[in-house]
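Chemist: One structure coming up, written as structure tokens, with questions to follow.
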Amino acid sequence: MSAETSVPRPRESGLDISDSALFKGLMAEAPYAFAFFDTTGRFVRVNSTFTELTGLAVDRHIDRLPADILSADLATVIDSALRRINDDRLPVTDQRLRTRAENGDARHWTISFFPLHDDEGAAIGTSLFGVDLTERQTTEEDLRRSEERYRSLVESQQQLVWITSPSGAVVEDAPQWRAITGQGLEEYLAHGWLDAVHPDDRPAAEEAWREALRGRTMFEWSYRVRTRASGYRDFEVRAVPIIRHGRVVEWVGANSDVTAQREAEEMRGRLTDQLGAAALRTARLQGATAILAEALTVEQVVQVIIDVGRTALAADHSAVALLDPDRGTLKVINSGAIPDAGGAPGEDISLSRSSVMTMAVNSRRPVFAESPESLRAQLTDAGGETDQINGFLAHTQERAWVGLPLLAAGRALGALRFSFTRPQKISQEDGVFLEALAGQCALAVERATLFEREHRTAETLQRSLLPERLPVVRGLVLAQRFRSGSRHVQVGGDWYDAFVLQDGRVAAVVGDVMGKGVKAAAGMGRIRNAMRALALTNPPPAAVLTGLDRVFEATEEEEQVTTLAYMVVEPTTGEGTLALAGHPPPLLVSPQGTAILQESDQPGTPLGWATSRKQFRFAVPPGHTAVLYSDGLVENRKRGLDAGLRELSAVVAEAPEEILTSPHMLLDFLVDRMLSGYEQDDDVTVLAVHVPAATKSD
């Protein structure tokens, strides 16, 4: 008998696991992210799944340090783990990461790091294993939200929630039900709940419940329930079966107290005409409010008020007058508003003169005159002259009038005047509706006034900040086009600039400060002025963008997004450099109609974002034109950025030869063609840098 007790070695299969093809196959097919680093922390190998985590191609990783190619968050996690492994020689596991895919969706990962050693135990590198937890994370969040919704439903006590066994017998307490009915727990369990149902409603409710149990269908019914105070309240009930593996495991239901609703229905039956009229007035007010909300200018608001007066009030004439508090006058805005009397558009009406509108403004209250006699009495009481009153009433065809003050926070903005060519009975409900309408009109007028004021201010500011003219430089032709999104849209932050540097080269820039109004225009001015100062001091594009990052962090709000494309070009030769800060790439147009988007591997980030600014060579050969533009040229609600860039290149290819050699004609052609068929919803800014072709005389 042998005394050998050692465990025999397992029989080897002959498969060489170091085989390169096998290793590559495992790397490619594995559903997990793999990466291997050498002892210096550089990538040695990665699989395709790992590229989903980084967003970079496989070959972009090899022999590179994480900090050189990855986002700051991901690089920090990897570098920290590699340092810990080098120091402790222990694995680093379960590092959670959140990344964002190309389509913008959030992705959740867990990654672990393990040290690698050779046969002698010496460290040869580190392996990374990553698992995509997005689906599990989403499932967990959905489950948590579902549980929160159910708990909120039960705890809100807006409904009486109950649960029964598969046979329909109550097996769990429902405190809300017992609090209303006064039943004890034993009285409620099993089928005791039926004892609280009104005797007239019980047979039908019981049969409907049994039918739902037999058919395993949703139970929907209504019945009256006896309350603790011996009265009855109306309830609607809905219950659904919970089915697992084809079997009902329980029923979940909810009772809603609809007593108030039933009482309202009964009242509606008694007051059909009155409530119908109120509903109509409410609908008209909602319609008027919705239309007024879309009106941006005072002119638009006035037109809406006229339309509302004609459609909702059946008024024959409508007038809008705005108050000049300094002069104590009202100025009628719309024409034909007050027939047979003074008050033509633009005419001032003194507040001391008695009229429907001046009475409304002076008293801060509506004025209702259902007949000429009523108007005569009110005007007389307000101090009007008898001859003027009689003369007006004798010549006008109007027979009823409404005057409404436009009040905002108690401050008078003006007045509305509606008139009718027939006597008009104005009920108390009509008065409430008219006051509510005047309130909405006042808000719209105030909003439109502020909008126009801000629009004028921003437009003036923007125009003052843009260059009045482009420099004239020998060996270079500059052209620009700026087209506002709409005369009713607030001024944006698009801007352009071009100027000659101290060494004779020309700097050209197009930028976009996201947002609208004075804030965007002011931000544009600060960035433009800072850029000029930096460029004249240290003109290389990378240096200028780096300086702008510091300026942005010091002067602009964190959520403000600003992009720009900045280039420096040598006249005559067209040699230059370019840097992008999150801006669409320039377009280089050849004399033959070839369009090349000057995209870079490092397009850069918007100003103020932590990054190392890069610049690259960008030449405009003689005869060529470089086009810098804002995203309004290529992107809108119906066309994405990528599709817009492709369309821009296609439009260049269709341009006639004479247009390609003229930057001014080229810009007109591009803007007209790119906006054709689309509703312009953003400013369009385009700047062309053209290097004329060399001639013999040159």
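Position 229 of the sequence shown, counted from 1, bears residue number 229 in the UniProt record's numbering, the numbering being contiguous throughout.
For every residue, glycine included, the Cβ atom is placed at its ideal position computed from N, Cα and C.
The model shown is predicted, which means the values in this text are computed figures rather than measured ones.
1) Using beta-carbon positions only, say whether Asp512 and Thr563 come within less than 8 Å of one another.
2) Taking the alpha carbon of Ser630 as the point to measure from, which residue in Glu658, His117, Val671 and Ser80 has its own alpha carbon closest?
3) Distance check for Ser230 and Val258, CA to CA, integer angstroms please.
4) Which partner residues of Ser350 appear in the DSSP bridge assignment?
5) Considering only C-alpha positions, which residue in the set Pro166, Val161 and Ser167 is nearest to Asp173?
6) Give me the residue from Ala400, His583 and His690 with the minimum Cα distance to Arg417.
7) Using the three-state DSSP reduction, which class does Trp193 fall into: helix, strand or coil?
8) Please say whether Ser350 and Gly328 have beta carbons closer to each other than 8 Å?
9) Report the rounded CA-to-CA distance for Trp109 versus Arg149, giving the unit in angstroms.
10) Report buried or exposed for Gly343, applying the criterion of at least 16 other Cβ atoms within 10 angstroms of its Cβ.
11) Got a sec? Which residues, its chain only, sit under 7 Å from Asp118 by beta carbon, not counting five neighbours each side?
12) Here's the rule I'm using: 16 or more other beta-carbon atoms within 10 Å means buried, otherwise exposed. How should Ala394 be labelled?
13) Using the Cβ count rule (16 or more neighbours within 10 Å means buried), how would you classify Val249?
14) How long is the line joining the alpha carbons of Asp682 and Ser484, rounded to whole angstroms?
15) Just the C-alpha distance for Arg262 and Glu135, rounded to the nearest angstrom, thanks.
16) Do the CB positions of Arg224 and Asp234 come within less than 8 Å of each other?
17) Since Arg64 and Phe43 are thought to touch, with beta carbons under 8 Å apart, how far apart are those beta carbons, to the nearest angstrom?
18) If I follow the unbroken beta strand (DSSP E) through Pro241, where does it start and stop?
19) Using DSSP with H/G/I as helix, E/B as strand and the rest coil, what is His503?
20) Is the CB-CB distance between Val301 and Leu292 below 8 Å?
21) Please report the distance separating the alpha-carbon of Glu559 from that of Lys425.
22) Is it right to say Asp549 is buried, meaning 16 or more other beta carbons lie within 10 angstroms of its own, or is it exposed?
23) If I measure Cβ to Cβ from Ala196 and keep anything under 7 Å in the same chain, skipping five residues before and after, which residues do I get?
24) If you check the beta carbons only, do Leu660 and Ala688 fall under 8 Å apart?
25) Identify the residues that DSSP records as bridge partners of Ser649: which are they?
26) Please report the residue range of the beta strand (DSSP E) in which Gly125 lies.
27) Classify His624 as helix, strand or coil using the three-state DSSP reduction.
28) Can you find the residues in the same chain that come closer than 6 Å, C-beta to C-beta, to Ala693, ignoring five residues on each side of it along the sequence?
29) Can you tell me which of Leu607, Pro591, Arg505 and Gly640 puts its alpha carbon nearest to the alpha carbon of Glu654?
30) By Cβ distance below 7 Å, which residues in the same chain neighbour Leu323 in space, the five residues on each side in sequence not counted?
31) Assign Trp209 to one of three DSSP states: helix, strand, or coil.
32) Specify whether the segment 461–471 and the segment 596–615 touch according to this definition: at least 3 beta carbon pairs, one from each stretch, less than 8 Å apart.
33) Following the continuous alpha helix (DSSP H) through Pro175, name the residue where it begins and the one where it ends.
34) Could you work out which residue in Leu189, Arg238 and Glu186 is closest to Ala205 when comparing CA atoms only?
35) If you drop the 5 nearest sequence neighbours on each side, which residues of the same chain put their C-beta closer than 6 Å to that of Tyr188?
Modeler: Let me spell this out:
1) By 1-based counting over the sequence shown, the position of residue 512 is 512. By 1-based counting over the sequence shown, the position of residue 563 is 563. Taking 8 Å as the Cβ cut-off, Asp512 and Thr563 qualify as a contacting pair.
2) For the purposes of this step, residue 630 is taken as residue 630 along the sequence shown, with counting starting at 1. Among Glu658, His117, Val671 and Ser80, the Cα nearest to that of Ser630 belongs to Val671.
3) Along the sequence shown, one-based indexing puts residue 258 at 258. Along the sequence shown, one-based indexing puts residue 230 at 230. Using only the alpha carbons, I get a separation of about 18 Å.
4) Taking the first residue of the sequence shown as 1, we reach residue 350 at position 350. Per DSSP, Thr329.
5) Taking the sequence shown and counting its residues from 1, one reaches residue 173 at position 173. Of the candidates Pro166, Val161 and Ser167, the one whose C-alpha sits nearest the C-alpha of Asp173 is Val161.
6) In the sequence shown, residue 417 corresponds to position 417, counting from 1. Checking every option, the nearest Cα to that of Arg417 belongs to Ala400.
7) In the sequence shown, counting from the first residue as 1, residue 193 sits at position 193. Note: Trp193 maps to helix in three-state DSSP.
8) As a first step, residue 328 must be located in the sequence shown, where it is residue number 328. As a first step, residue 350 must be located in the sequence shown, where it is residue number 350. Yes.
9) Start at 1 with the first residue of the sequence shown, and residue 109 comes out as number 109. Start at 1 with the first residue of the sequence shown, and residue 149 comes out as number 149. The alpha-carbon atoms of Trp109 and Arg149 are separated by roughly 27 Å.
10) Locating residue 343 in the sequence shown gives position 343, where the first residue counts as 1. For Gly343, the predicted model reports a pLDDT of 42, less than 50, meaning its position is unreliable; a value from the coordinates is still stated below. That one is buried.
11) Taking the first residue of the sequence shown as 1, we reach residue 118 at position 118. These residues qualify, in order along the chain: Ile124.
12) In the sequence shown, the residue the question calls residue 394 occupies position 394. Looking at its Cβ environment, which holds fewer than 16 other Cβ atoms inside 10 Å, Ala394 is exposed.
13) To locate residue 249, count along the sequence shown from 1; it is residue 249. Looking at its Cβ environment, which holds fewer than 16 other Cβ atoms inside 10 Å, Val249 is exposed.
14) Numbered from 1 along the sequence shown, position 682 holds the residue referred to as residue 682. Numbered from 1 along the sequence shown, position 484 holds the residue referred to as residue 484. Each residue's Cα considered, the two are about 7 Å apart.
15) Start at 1 with the first residue of the sequence shown, and residue 262 comes out as number 262. Start at 1 with the first residue of the sequence shown, and residue 135 comes out as number 135. Approximately 46 Å between the Cα atoms of the pair.
16) Translated into the one-based positions of the sequence shown, residue 224 becomes position 224. Translated into the one-based positions of the sequence shown, residue 234 becomes position 234. Cβ distance < 8 Å, so Arg224 and Asp234 count as in contact.
17) Locating residue 64 in the sequence shown gives position 64, counting from the first residue. Locating residue 43 in the sequence shown gives position 43, counting from the first residue. That pair is a contact at about 6 Å.
18) By 1-based counting over the sequence shown, the position of residue 241 is 241. Tyr232 to Arg244 is the extent of the beta strand (DSSP E) around Pro241.
19) Numbered from 1 along the sequence shown, position 503 holds the residue referred to as residue 503. At residue 503 the sequence reads Asp, which differs from the His that was named. Correct three-state label for Asp503: coil.
20) The residue labelled residue 301 in the question sits at position 301 within the sequence shown. The residue labelled residue 292 in the question sits at position 292 within the sequence shown. Yes, Cβ-Cβ distance for Val301 and Leu292 is below 8 Å.
21) Position 559 of the sequence shown holds residue 559. Position 425 of the sequence shown holds residue 425. Near 56 Å, if we compare the C-alpha coordinates of Lys425 and Glu559.
22) As a position in the sequence shown, residue 549 is number 549, starting the count at 1. Result: buried.
23) Reading the sequence shown from its first residue, position 196 is the one you call residue 196. Closer than 7 Å at Cβ, skipping near neighbours: Thr181, Gln183, Val225 and Arg226.
24) As a first step, residue 660 must be located in the sequence shown, where it is residue number 660. As a first step, residue 688 must be located in the sequence shown, where it is residue number 688. No, these two residues do not count as a Cβ contact at 8 Å.
25) By one-based count along the sequence shown, residue 649 stands at place 649. Looking at the DSSP assignment, Ser649 forms no beta bridge with any residue, so it has no partner.
26) Start at 1 with the first residue of the sequence shown, and residue 125 comes out as number 125. From DSSP, the beta strand (DSSP E) with Gly125 extends over Ala123 to Asp132.
27) As a first step, residue 624 must be located in the sequence shown, where it is residue number 624. If DSSP states are grouped into helix, strand and coil, His624 belongs with coil.
28) The residue you call residue 693 lines up with position 693 of the sequence shown. The answer, listed in chain order, is Pro622 and Gly623.
29) Mapped onto the sequence shown, residue 654 falls at position 654. Checking every option, the nearest Cα to that of Glu654 belongs to Pro591.
30) Within the sequence shown, residue 323 is the residue found at index 323, counting from 1. Hits under 7 Å: Leu330, Val361, Ala412, Leu413 and Gly414.
31) Numbered from 1 along the sequence shown, position 209 holds the residue referred to as residue 209. Here Trp209 sits in helix by DSSP.
32) no
33) In the sequence shown, the residue the question calls residue 175 occupies position 175. Start and end: Pro175 to Thr181.
34) Within the sequence shown, residue 205 is the residue found at index 205, counting from 1. Checked all of Leu189, Arg238 and Glu186; the closest Cα to Ala205 is Arg238.
35) On the sequence shown, residue 188 is found 188 positions in, with the first residue counted as 1. Excluding residues within five positions, the ones whose Cβ falls inside 6 Å are Arg178.
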